[in-house]
Each structure stands twice: as structure tokens, then as C-alpha cells.
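Protein chains in written order, with the working numbering: chain A, 1 to 326; chain B, 327 to 652.
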């Protein structure tokens, strides 16, 4: 076992941070080291409840994560917070970049808050977040919260790596639009109506009922669990236990049905095939003969002169049958 | 030029139907013939306005397509109707399977209505629909309507092959839920509120205003076009010209900005890369050494014993470096 792996397994926070920096690196030699590191700690992963948290800007995602994180620490959990935000380098909706947003949680020894990796495609960011999640598990965190900025495909990516997907909404008129914009109702295992406080409390009741109705129209992800709606006020730290009870109930229902194990196995399998697909394309792009063919044919395809599948077949031949290159 | 290609270019409907059957076949030799056929007719494709039509069950998709198709025929267009419905083999929401649903349109010489291809993954169904669309264009149809059953990813697939994506909704309370369920607001170039007749006419006005507001909150797909809302009654054949004017206005705006050409070029490029990716995986699965490695490692990945990217790398090595197989 390498020293870094041993330190991570030992719960060393600085080692964990270094490990995550390693998996986030795009350098080839770092990538190889990261692969070794992950392989070393793999047997000690899988122990956390993995929760995705999504919602439109302004619904109070970081306030909820702070409140939920502190609640979990109070009940003897250790919480890691990660983020998937492919838009951050473009200055879109940077999340977790400003640690002050979760000031108290960040200062607690039982919590580990990691800003979103900078730059990269959604696929790259998602891969690094998955790997960071595994390292957090190896380091002994038993809850991993993965925040996502609500821009469509990143929710799908996060849902594919967590056990429980939580959709956070605010009370009132704009809510159905938040949902429409993202279309993530069918990904949600739990809908949390936040800001159920003050003037908004009554409206929150209506909003919760609306979402409960909406959930009935959505095809359930599994027969083992019917998505439900919970209300809370992250600001006043009320109902946070209900949110967590919802996550736990979901976790128990899935575990009892053998569904959690199946879901994770499927997620891992799909991850392998998508990595394989990405790696193959990457290798093809670095193959001089294939990439030259691809560039030439891509232009013909873009101009509508050649059917895309025919071009794909020719590029593939240039890549896999070097004999044909002559 | 092969005989079949010549007949299709000549507008022979039975030849077109045979050509589509060929591209829908999964037999390897048929696939090779289909590739040749497409290559032969490719120069004569691209001439149609390509319109995707989506909406929840019950909003009146086939009634609208019938009304729109007949309106287009009356104004000297030739209309082909295709469908993307990966769920049909599983008895989900089979569309266009029952031709009687568009009885009058089906009987018209100026129209060509093709049921959804049976069976297959979304990727496969989408590919065959794209190819059928190209054959319809080669055969002289200047409007191609592609219907999709509203189940999430198929809308994304259809949006990736059309010029204009039309979201059909019904008036009244359930509409925001239709939108939420599918999350396709941000794909829509045009929202059509159908059933704007009888008792529903007043409600249709409110619904149209709601969608107009919602569209303002969605990031536009292009600066060349601001998505708009149109009302119609497909049943009473009222407002159908407004729907088509919307499609034309969209087409003109995109063409004027050079955006249509760019969009189609991008769609074709992305199609090539996704085909390439699918073909590579397919070839890998048929490679004895690589597929044996994949099967073995997939089990380890599913059991959480091996990180997915590490497994992917090993499978890739077994595939591309035959020397390592020993």
C-alpha cells in the first residue's frame, strides 16, 4: 500500500485533499498514479450514503447543505460535500467555489467540503467527482452530498452516481418553472420544499401538494420506492431531520429490496462502458492515420456529402485495420 | 447509380418504402447495402424543412400532424411523417403504428407516413429515423415531420436531428406537469397550445401566456430565434397556418443568420462521432480477447472491487494492443 493510500484510509484530511487533487489532474502520469491510488483503496469504498442535491439558483442549496451537514455531524455522521459544475470555469454558476457559503460546516473536523473541480467537460468533471467520492468513502466519511448546479445534463450525471437524488425547490409560483426548465422530476427520489418559514410557510404547503401530485404522474425509477415530498426551513434549521429521515427511508427501502446493490452495480458498469467509449475515442483522436481520416471525413459529413455512419465506419477502419492504411 | 437509388430519386413511393426497410434492417449485409444507398442519394438530401413534434399522450399529436400535413399538401408541399419511439416494442406508447390515426393523410399521394421502426435501443431507432429522413428528402419530400413519444431522452434525440422542435401542449392545469415530466422546454423552438376550442379556448389563452413566461426563463438555443407560443385547434383545423408560419419564421430566422447551416453541420458531426463511438464498442464486444476481458472486469467493477476507469483502460489495452494479450 502506498503512503498516500494508507494516510487516506487513516482518515488524514490533508492526504484526502492531495488524493483528490491527484484524481483531478489531467496530466498522464498523475492519471496513472490516481488509477493506482483508487485501486489500492477500492476495497474500502462504498460505505457512504450517497446523496445528490439539485435545485435552481436561489432555492437555498448551500444553506440546506450547511444545515443538513451540521445536523448529520450532531448525530455522529461524517460528511463530505462535493460538487458537479461543468459550467464553473466559464463563470456560469460557480458552486462551492466560495467556501464562505458553508462557513460553519467547512470549519468542522467531521466535515470535508471540496470545491468543484475547475474546467473540463461534464464527462470529465463527473468522472473526477465520482473518484473524489470514492476517496472520501475510503477516508471514512459515511455521508457524501453531491451538489449540482441545475443546468440539465449535470443532474443526469449526478443521478448516475448517487443512491438518492434530492430535488430542492422553493415555495411559490415560479416552482413549476424551475422544474420545467430542468426536467428532473423523474430523477428525484425526494423533493424538498425549502423556505417553509415566515410568509412563505402557507405557500410551501400548496407547493408541496403540487409536487406530490406531479410525482404521481412520473414513472417511478423503482418499485421499491415512491418518491415523496418533504418541507423544511434550512434558514431556521427546521425540518432538517425530516429531510434526512426521507433519505434514510429511501436507503432502507432500496437496501431491503436488494435494489441499492443492483443500482450501484449498474452505475459502476455503465461508468465503465462510458469510460471505455471515451478512452477509445481519445485514443483514436491521437492515432495519426485515424485522426487524419476523421478530420477529412468530418468535413464531408458536415457539408452533407457523406452519411455520418458511412464516415464513422471508414474512420474506424483506418483506426483498427492498420493494413488498410496503405 | 443503383436501381433502387434511381427509383427513390425519381419519387417512387414503393422504392422509398423498400429503402427505409433496408436502413431499418439489422442484418450486416443489409446494413452495407443501406450505407451504399445513402451514399448514392446523399447529394440530393437536405432539401426539407425538418420538424420534430413532441408532447404528452393526449395532447393531440396525431390530430395535429394530420391537420398540419393536410394544410401543407393544400399549399403544395409534400410531407413525410416519421416517428422516434424506442418504447414501442415493449408496448409502451406505440405511435404511428396504427395508421388509421392519420387516416386521411395516409391516403394522400403527397404524403408518406411511416410507422416507427420496431425494437431497438434509442440510439438504433434514432439512427434509422435519421436515415429514413434522408431517403424521404432524396425522394422529394420538402417537409419531414418527426413525431416523438414524450419519454425524456427521445426528445433529445429528435431535437438533434431536426431544424425546428415543436412542443405540443394542451390547455389547463396539467400542462406545467407535462413540461416538468419531460423537461423539454429548453429544447422547444415553438410551443403549440392545441385544443384551443370550445370550453378550453379561454384556458388556452392563460396556458399560452404561462408558457410564454416560462420560455423567457429558459436559456435560448440561439441568438437568432426567440422561442414563441402559438395556439391552434387541430380538431377544428383552426390556427394550423399559424403553426406553420411559426415554423417558417423560425426557418427564415435561422437561415438568415447562417445558423441553419451551422446547426445541421454540427448535428451531422455529432452524429458521426456518436456512430463512431457505438461502432467501436460494438467491434470491441465482438473481439474475443477484449470481450472476455470486459466480461471479467465488468463483474469486478459491479462488485465495487475495481475502479471503472482502471477496468476501461485494461479492456482497451486488450483490444488495441494484441501483443499484450499473451
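Just so it is clear, CB atoms sit at the ideal spot from N, CA and C, and this is done for glycine as well. Here the structure is a predicted model, which is why all the values come from computation and not from measurement.
To the nearest whole angstrom, what separates the beta carbons of residue i and residue j, a pair I think is in contact under 8 Å?
i                      : j                      : result
residue 474 of chain B : residue 600 of chain B : Between residue 600 of chain B and residue 474 of chain B the Cβ distance is about 18 Å, and since that is not below 8 Å, they are no contact.
residue 144 of chain A : residue 48 of chain A  : 5 Å
residue 595 of chain B : residue 298 of chain A : 6 Å
residue 110 of chain A : residue 73 of chain A  : 4 Å
residue 105 of chain A : residue 70 of chain A  : 6 Å
residue 603 of chain B : residue 82 of chain A  : Wrong, their Cβ atoms sit about 27 Å apart, outside the cutoff.
residue 312 of chain A : residue 289 of chain A : At roughly 15 Å, the Cβ-Cβ gap does not stay under 8 Å, so residue 312 of chain A and residue 289 of chain A are not in contact.
residue 204 of chain A : residue 171 of chain A : 4 Å
residue 194 of chain A : residue 168 of chain A : 6 Å
residue 330 of chain B : residue 344 of chain B : 6 Å
residue 483 of chain B : residue 513 of chain B : 11 Å between Cβ atoms; not a contact.
residue 77 of chain A  : residue 142 of chain A : 6 Å
Counting only the same chain and skipping the five closest in sequence on each side, list residues whose C-beta sits under 6 Å from that of residue i.
i                      : result
residue 555 of chain B : 517, 534, 537, 538
residue 611 of chain B : 617
residue 424 of chain B : Here the model assigns residue 424 of chain B a pLDDT of 49, short of 50, so the residue's position is not dependable, and the following value carries that caveat. Here the set comprises nothing.
residue 24 of chain A  : 117, 128
residue 462 of chain B : 406, 470
residue 259 of chain A : 222, 224
residue 246 of chain A : 190, 230
residue 620 of chain B : 641
residue 613 of chain B : 645
Give a yes or no on whether 8 Å exceeds the smallest Cβ distance from residue i to chain B.
i                      : result
residue 302 of chain A : yes
residue 320 of chain A : yes
residue 146 of chain A : no
residue 116 of chain A : no
Quick one: list the residues of chain A neighbouring residue i, beta-carbon separation under 9 Å, in chain order.
i                      : result
residue 551 of chain B : Those do not exist, as residue 551 of chain B stays about 18 Å from chain A at its closest Cβ, beyond 9 Å.
residue 624 of chain B : 268, 269, 272, 273
Would a check of beta-carbon distances place residue i closer than 8 Å to chain A?
i                      : result
residue 637 of chain B : yes
residue 342 of chain B : no
residue 330 of chain B : no
Residues of chain A with CB closer than 8 Å to the CB of residue i, please, in chain order.
i                      : result
residue 642 of chain B : 276, 279, 280, 283
residue 633 of chain B : 35, 38, 39, 42, 131, 134
residue 453 of chain B : 309
Within its chain, find whatever has a CB closer than 7 Å to the CB of residue i; leave out the 5 residues flanking it on each side and keep chain order.
i                      : result
residue 551 of chain B : 515, 576, 579, 580
residue 7 of chain A   : 15
residue 464 of chain B : 334, 335, 367, 370, 371
residue 361 of chain B : none
residue 108 of chain A : 73
residue 200 of chain A : 171, 172
Looking only at its chain, what residues have a beta carbon closer than 8 Å to the beta carbon of residue i, apart from the 5 residues adjacent to it on each side?
i                      : result
residue 565 of chain B : 522, 556, 557, 558, 559
residue 633 of chain B : 627
residue 605 of chain B : none
residue 264 of chain A : 46, 163
residue 364 of chain B : 349, 457, 460, 461
residue 386 of chain B : 494, 496, 520, 521, 560, 561
residue 504 of chain B : Because the pLDDT of residue 504 of chain B is 47, which lies under 50, any placement of that residue in the model is unreliable, and the number read from its coordinates should be weighed accordingly. Only 381, 382, 385, 476, 495, 496 meet the Cβ criterion.
Legend entry - Residues in the region 25–54 of chain A having any Cβ partner in chain B nearer than 8 Å: Result list: 35, 38, 39, 42, 43, 45, 46.
Legend entry - Chain-ordered residues of the region 55–86 of chain A with a beta carbon less than 8 Å from chain B: Within the region 55–86 of chain A, no residue qualifies.
Legend entry - Residues of the region 245–268 of chain A with Cβ closer than 8 Å to any Cβ of chain B, in chain order: Answer set for the region 245–268 of chain A: 264, 265, 266, 268.
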